[in-house]
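K.L.:
Please see the structure below; I have some questions.
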Amino acid sequence: QVQLVESGGGLVQAGGSLRLSCAASGIIFSIASMGWYRQAPGKQREWVASIPSAGMTMYADSVKGRFTISRDNAKNTVYLQMISLKPEDSAVYYCHAVQIGGRSAWGQGTQVTVSS
């Protein structure tokens, strides 16, 4: 089992920045990839960014150039640095881990609100 705990959400003005953190615990060695998703009220959860254990980071077109995903293996933590935030970035952001074998884990989510 893998447990994920997000932090770093909050209220920010448009154009501002936030950094989300996702701390992983449990069977860390089983994690093949980690990423971030978000869900706005009344909308489906959407993929934002991914960082595999090996390979290139990937981003949704809507955040490319503004968001950066990174990981600190020593701390078992993945980050999402968000700059130039827009009101449409407001959502609950969820950390996601894909384990070897296909099992996935989700964090509880952290709210990001961008005011115009």
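Using the working numbering, the first residue of the sequence shown is number -4, and each one after it goes up by one.
The beta carbon of each residue, even a glycine, is placed where N, CA and C say it ideally should be.
Report the residue from A100, R40, A92 and S79 whose alpha carbon sits nearest the alpha carbon of V7.
P.N.:
Nearest of A100, R40, A92 and S79 to V7, Cα basis: S79.
K.L.:
Going by beta-carbon coordinates alone, are L(-1) and T105 separated by less than 8 Å?
P.N.:
Result no, Cβ atoms of L(-1) and T105 do not sit closer than 8 Å.
K.L.:
Straight-line CA distance for S20 to P47?
P.N.:
Each residue's Cα considered, the two are about 17 Å apart.
K.L.:
Under a three-way DSSP split, which group does D84 fall into?
P.N.:
Helix, per DSSP.
K.L.:
Do you know offhand how far K70's Cα is from I64's?
P.N.:
Distance between the alpha carbons of K70 and I64 is about 15 Å.
K.L.:
Report yes if the C-beta distance between F62 and A44 is below 8 Å; otherwise report no.
P.N.:
Cβ atoms of F62 and A44: closer than 8 Å.
K.L.:
Quick check on the DSSP output: what are the complete alpha helix (DSSP H) runs of length 4 or more inside the region 58 to 106, in order along the chain?
P.N.:
Taking only runs of at least 4 residues, no alpha helix (DSSP H) segment lies wholly in the region 58 to 106.
K.L.:
Could you tell me the alpha carbon to alpha carbon distance between I95 and Q34, rounded to whole angstroms?
P.N.:
Distance between the alpha carbons of I95 and Q34: 25 Å.
K.L.:
Should G30 be labelled buried (16 or more other beta-carbon atoms within 10 Å of its own) or exposed?
P.N.:
Buried: at least 16 other Cβ atoms inside 10 Å.
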